[in-house]
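This report concerns only the one structure given below.
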Amino acid sequence: MSNIPGELKYLSSHEWARLESDGETVTIGITDHAQDLLGDVVFVELPEVDAEIAAGDEAGVVESVKAASDVFSPVSGIVIAVNEDLEDAPELVNSDPYDDGWFFKVKASDLDELGSLLDAEAYAEVCQDEDH
Amino acid sequence: MLIFEKGQPGRFATSQAPKASGKCDDIPAELMRKTPAAMPEVSELQTVRHFTNLSRKNFSIDTQFYPLGSCTMKYNPRGAHKAASLPGFLARHPLAPESHSQGYLACVYELQEILKDVTGMAGVSLCPMAGAQGEFAGVAMIRAYHEARQDHARSEIIVPEAAHGTNPATAVMCGYKVVEIPVRTDGDVDLEALQQAAGPQTAGIMMTNPSTCGVFERQIEDISRIVHEAGGLLYYDGANLNAILGKVRPGDMGFDVLHMNLHKTFATPHGGGGPGSGPVAVGERLLPYLPTPIVGRSDAENGSRYHWLDQDDLPDSIGRLSAFMGNAGIILRAYVYAILLGREGLHRVGEFSTLNANYMATLMQQAGFQLAYPERRATHEFIVTLNKQAKELGVTAMDFAKRLLDFGYHAPTTYFPLLVPECFLIEPTETESIDELEGFVEAMIAIQKEAESSAELVKGAPYSQPVKRLDDVKAARELDVAYQRS
Amino acid sequence: MPFIPHTDQDIQKMLDVIGVSSIDDLFDEIPKHLRAKSLDGVPEGRSEMEMMQLMSARAQQDAGALCFIGAGAYEHHIPAAVWDIATRGEFMTAYTPYQAEASQGTLQLIYEYQSMMCQLTAMDVSNASLYDGASGLAEAVLMAIRGNRKSKSRKILTAASLHPLYEKTVKSIVTNQDIQLETVVCGDDLRVSQDALAAYEGQDYAALVIPQPNFYGALEDVNALTDWAHAQGMLVIAVVNPTALALISPPGEWGAQGADIAVGEGQPLGLPLASGGPYFGFICCTSKLVRQMPGRIIGRTLDMDGREGFTLTLQAREQHIRRSKATSNICTNQGLAVTAATVYMTLLGFEGLGRVARACHVNAKKLAELLASIEGVRVLSDAAFFHEFVVELPEKADLVLKRMAQASVLGGIALSELSGQANPNLMLVCVTETKTDDDLAKYRDALETSLASKGDVSC
Numbered sequence: 076m077s078n079i080p081g082e083l084k085y086l087s088s089h090e091w092a093r094l095e096s097d098g099e100t101v102t103i104g105i106t107d108h109a110q111d112l113l114g115d116v117v118f119v120e121l122p123e124v125d126a127e128i129a130a131g132d133e134a135g136v137v138e139s140v141k142a143a144s145d146v147f148s149p150v151s152g153i154v155i156a157v158n159e160d161l162e163d164a165p166e167l168v169n170s171d172p173y174d175d176g177w178f179f180k181v182k183a184s185d186l187d188e189l190g191s192l193l194d195a196e197a198y199a200e201v202c203q204d205e206d207h
Numbered sequence: 133m134l135i136f137e138k139g140q141p142g143r144f145a146t147s148q149a150p151k152a153s154g155k156c157d158d159i160p161a162e163l164m165r166k167t168p169a170a171m172p173e174v175s176e177l178q179t180v181r182h183f184t185n186l187s188r189k190n191f192s193i194d195t196q197f198y199p200l201g202s203c204t205m206k207y208n209p210r211g212a213h214k215a216a217s218l219p220g221f222l223a224r225h226p227l228a229p230e231s232h233s234q235g236y237l238a239c240v241y242e243l244q245e246i247l248k249d250v251t252g253m254a255g256v257s258l259c260p261m262a263g264a265q266g267e268f269a270g271v272a273m274i275r276a277y278h279e280a281r282q283d284h285a286r287s288e289i290i291v292p293e294a295a296h297g298t299n300p301a302t303a304v305m306c307g308y309k310v311v312e313i314p315v316r317t318d319g320d321v322d323l324e325a326l327q328q329a330a331g332p333q334t335a336g337i338m339m340t341n342p343s344t345c346g347v348f349e350r351q352i353e354d355i356s357r358i359v360h361e362a363g364g365l366l367y368y369d370g371a372n373l374n375a376i377l378g379k380v381r382p383g384d385m386g387f388d389v390l391h392m393n394l395h396k397t398f399a400t401p402h403g404g405g406g407p408g409s410g411p412v413a414v415g416e417r418l419l420p421y422l423p424t425p426i427v428g429r430s431d432a433e434n435g436s437r438y439h440w441l442d443q444d445d446l447p448d449s450i451g452r453l454s455a456f457m458g459n460a461g462i463i464l465r466a467y468v469y470a471i472l473l474g475r476e477g478l479h480r481v482g483e484f485s486t487l488n489a490n491y492m493a494t495l496m497q498q499a500g501f502q503l504a505y506p507e508r509r510a511t512h513e514f515i516v517t518l519n520k521q522a523k524e525l526g527v528t529a530m531d532f533a534k535r536l537l538d539f540g541y542h543a544p545t546t547y548f549p550l551l552v553p554e555c556f557l558i559e560p561t562e563t564e565s566i567d568e569l570e571g572f573v574e575a576m577i578a579i580q581k582e583a584e585s586s587a588e589l590v591k592g593a594p595y596s597q598p599v600k601r602l603d604d605v606k607a608a609r610e611l612d613v614a615y616q617r618s
Numbered sequence: 419m420p421f422i423p424h425t426d427q428d429i430q431k432m433l434d435v436i437g438v439s440s441i442d443d444l445f446d447e448i449p450k451h452l453r454a455k456s457l458d459g460v461p462e463g464r465s466e467m468e469m470m471q472l473m474s475a476r477a478q479q480d481a482g483a484l485c486f487i488g489a490g491a492y493e494h495h496i497p498a499a500v501w502d503i504a505t506r507g508e509f510m511t512a513y514t515p516y517q518a519e520a521s522q523g524t525l526q527l528i529y530e531y532q533s534m535m536c537q538l539t540a541m542d543v544s545n546a547s548l549y550d551g552a553s554g555l556a557e558a559v560l561m562a563i564r565g566n567r568k569s570k571s572r573k574i575l576t577a578a579s580l581h582p583l584y585e586k587t588v589k590s591i592v593t594n595q596d597i598q599l600e601t602v603v604c605g606d607d608l609r610v611s612q613d614a615l616a617a618y619e620g621q622d623y624a625a626l627v628i629p630q631p632n633f634y635g636a637l638e639d640v641n642a643l644t645d646w647a648h649a650q651g652m653l654v655i656a657v658v659n660p661t662a663l664a665l666i667s668p669p670g671e672w673g674a675q676g677a678d679i680a681v682g683e684g685q686p687l688g689l690p691l692a693s694g695g696p697y698f699g700f701i702c703c704t705s706k707l708v709r710q711m712p713g714r715i716i717g718r719t720l721d722m723d724g725r726e727g728f729t730l731t732l733q734a735r736e737q738h739i740r741r742s743k744a745t746s747n748i749c750t751n752q753g754l755a756v757t758a759a760t761v762y763m764t765l766l767g768f769e770g771l772g773r774v775a776r777a778c779h780v781n782a783k784k785l786a787e788l789l790a791s792i793e794g795v796r797v798l799s800d801a802a803f804f805h806e807f808v809v810e811l812p813e814k815a816d817l818v819l820k821r822m823a824q825a826s827v828l829g830g831i832a833l834s835e836l837s838g839q840a841n842p843n844l845m846l847v848c849v850t851e852t853k854t855d856d857d858l859a860k861y862r863d864a865l866e867t868s869l870a871s872k873g874d875v876s877c
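Going down the list, the protein sequences come from chains A, B and C.
Mapping the first sequence onto my numbering, position 30 (from 1) lands on 105, and the numbers just tick up by one.
Mapping the second sequence onto my numbering, position 452 (from 1) lands on 584, and the numbers just tick up by one.
Mapping the third sequence onto my numbering, position 95 (from 1) lands on 513, and the numbers just tick up by one.
Dropping the structure here:
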């Protein structure tokens, strides 16, 4: 069973979102389950800083040797930072998906969007359904 | 050792270059090259030896049985290669005048006619340089057809989920959205899903038949009716044409456009990944859109003359796909193959490729291997699933594939189609003898025994090749795609 | 049965094992009324001997003329070893190197090819090749649209001096994706006009396409063009002749920053004219753009025992994984053509390639001078050219060329037939290292004779 932190919000397409303590920045990455499915991550394409994105937009791509999948943004807003460490060390996504392996940060324009995301329990069910 | 690591500064095959001659001082200095390129510096013998030794690190049809599903790795007749390499053909410039091209144009014209007949279509263009470009041409013609009718609402191409990855990629290159429909457990398309997907937004459907599941799509006439009634057209991906060559014609099944892979069905060499050739054939309504140039013939009292038909002659054509006209040398080889086999020979291709596949499938099943579609007749290829071996023994289709190399057999196509887990797609082709087919099955039985008794042995394979399994992750993370002289 | 090894006993044994009584029974899932009748349009089969007799006669029909046509396909000496090696069965009849362990020969060769192309173009990355130069340019255009993150434009600026057949090919391939090509006109020197270019200042285009040498053989001022394009936020796509790169500045060194993508026709590197193919398109780019590269790329890595080996890499860009989101639908490289080119480049080395390039240039200048001495003939070569130049004749070029062809000299192409050139008296002539002084004299004589015998041609 993969690690699904209780304090995060999720998309069924395996992205996680964390509201930071400033109350407006949302950090986004992919889940432990997702990195496990992909296998060794070899490349991550991230959005441009200052780009405006809407919830559900394709905001990046994560590639392993044998697969590639789009990364969707769970929230709308302006991209304020991307994890540049992933450029040289994409393996961080495998080793530490919820911390050092984060993808990008968004200054959210509508915090209500977080409410419509899955909580840890609902996301765990999504993962379980996929395994069958 | 790389060629760059051999040799000495200043060395090259001196008899291959002109003597140092003349000045080029009329070219402005700022346009001249300033830093020399670090190319190899070796003798002619070093070159010949290096590349000859490299060639010996390859599997090939000429050296091994190569049962790659959907790739049709049949014998490539040496005669076809020899004929296409006649000096008159090699020296002909692509823009040579028609007066100096009648021999070549006659071959091209006759191949167009032969391909029309074997596919049951009204017109052929030999321009596309590979299957994927043929697909592009085909879908671009579908688009041109709808647009000429002012039918601008058609924005979707339907693709069965078992389809080859080029199909959706092609649809997108032609500006279409892809709608995937499921395939039933018996390998045929889910007709209800198709019925729901088809509508006024449907530009067409892309299919292979036999499908990539290695079975003949039995509802092809229903599919044709549903898509045509919705106003869409049917595209036939000729990847598996070898299965039905001379037995069933795509035109008779209701397809409006198709591409063939001459490097599969017409036995031209794969060349380590190309060149291929992907001619397109169309029914009446797509004739005006064929890619150019095409070869036409005019008959007069003093004999036939062949001439190019270009954009001026076909103003609605989707245009050119290459600077000249496709992979001309491959077209010649395919022509030679067709005239060597002739009417009777082409007829036998589908028959004997099917006989070989069914024989192998039966032997595999008798040996205890699980067929993906056991209740179906195999076509020219069939699928074995090694899911049980993967789950119970931890030995995957990849492991079997690598171990086969040690037994001297190239691995079949693995993990395709994606919807069958741990699968082998096996296509023996008609040119293999019963001895090879039985040898392959025996190797599979031997590997199965190894998997049961010493799984680790199989998982570490291959052992007989120049390298063991390679670190693909390192290759992608620490990209090294060009030698840097240090 | 040609290429089918089955004896009657084999067939019977196989049918018995399968449990059917005839081969026809194996097609029982196909509706009866769909079964094909006989293939009337296909001739009777021939033996190899009969086939060779026919093909030799046909090849002979097209042979024997002295060829001065270039326009994207160039006659060069091909060392005997090139095709002797390329057509070894182990190279020629191998499949795409998906099973890396059993394909190290092809894989290492392509890695070496990529390395050589990077050296020749002075770029960072090369792929394993595309179909040909023209379709390669189409892929470069798609790549620039994806790769230029500063520009939102779906427009590409191109020079009127680009090969007209390249322009046509690019249009047929990219227009379905709503990408537009706009053309900067040429000046009287048959090069991109700086004045015309100024009109595009400040506009949003994804890239500028710069041919070098251009379609007319002339050398563009690539440094100024590259710097101009970069100042506008455009990427630079260089369309280059690989032979010329041993002599003239490579795309990676154009202007202050170098071109972003270099593409071209690989045929001059050891491939015969052969009616236009198989050739191969080469495409190279800066490392920044590597993820946008279409087609196969080979990488060097290690195996489980730490031995060096080669494998396909960055496959997640490709159609078999990315399906509808792939960088291209391409799943071929022109492997065999690249094999030949790699052997060719290895034999010649940089020194040999340079000698070929210089000999082409010197020969072309010689012929240009010879022709300029004929009354009424004008060589339009204000700018420096590589191995092709434009000639103005006192009458229609196509008629002159037809009469020359009757004397077995293919003197070039009439520009009005290929490009939008309004002047019907212009022709494009190419001379490579293969032409001797006698050949050049023969050309001059044939042209003079043709001009003297104005009148009809019967062909």
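Glycine included, each C-beta is placed from N, C-alpha and C at the ideal position.
Please tell me whether residue i and residue j are closer than 8 Å, where the distance is taken between their beta carbons.
i: Glu173 (chain B); j: Gly767 (chain C); result: yes
i: Leu161 (chain A); j: Ser139 (chain A); result: no
i: Thr517 (chain B); j: Ala499 (chain B); result: no
i: Pro712 (chain C); j: Ile739 (chain C); result: no
i: Pro160 (chain B); j: Ala840 (chain C); result: no
i: Pro420 (chain C); j: Leu473 (chain B); result: yes
i: Asp145 (chain A); j: Val157 (chain A); result: no
i: Gly403 (chain B); j: Met510 (chain C); result: yes
If you drop the 5 nearest sequence neighbours on each side, which residues of the same chain put their C-beta closer than 7 Å to that of residue i?
i: Met541 (chain C); result: Pro669, Gly670, Ala680, Cys702, Cys703 and Thr704
i: Cys239 (chain B); result: Leu464 and Tyr467
i: Leu94 (chain A); result: Val101 and Leu189
To the nearest angstrom, how far is the alpha carbon of residue i from that of residue j?
i: Glu557 (chain C); j: Gly695 (chain C); result: 18 Å
i: Thr867 (chain C); j: Ala624 (chain C); result: 50 Å
i: Asp194 (chain B); j: Tyr531 (chain C); result: 24 Å
i: Leu569 (chain B); j: Ile79 (chain A); result: 50 Å
i: Ala614 (chain C); j: Leu653 (chain C); result: 19 Å
i: Ala254 (chain B); j: Gly461 (chain B); result: 24 Å
i: Ser533 (chain C); j: Leu663 (chain C); result: 15 Å
i: Ala134 (chain A); j: Ala126 (chain A); result: 10 Å
Which whole-angstrom value is the C-beta distance of residue i and residue j, which I expect to be below 8 Å?
i: His494 (chain C); j: Thr852 (chain C); result: 6 Å
i: Val774 (chain C); j: Thr661 (chain C); result: 6 Å
State buried or exposed for residue i, treating a residue as buried only when at least 16 other CB atoms are found within 10 Å of its CB.
i: Cys877 (chain C); result: Note that Cys877 (chain C) scores 44 on pLDDT, short of 50, meaning its location in the model is unreliable and no value can be drawn from it.
i: Gln427 (chain C); result: exposed
i: Glu508 (chain C); result: buried
i: Thr425 (chain C); result: exposed
Short of 8 Å in beta carbon distance, which residues of its chain neighbour residue i, apart from the five on each side in sequence? Order them along the chain.
i: Arg564 (chain C); result: Gln710 and Thr745
i: Ile429 (chain C); result: Ile441
i: Arg188 (chain B); result: none
If you drop the 5 nearest sequence neighbours on each side, which residues of the same chain put their C-beta closer than 6 Å to that of residue i?
i: Gly676 (chain C); result: Gly670
i: Leu365 (chain B); result: Ile274, Gly336 and Asp388
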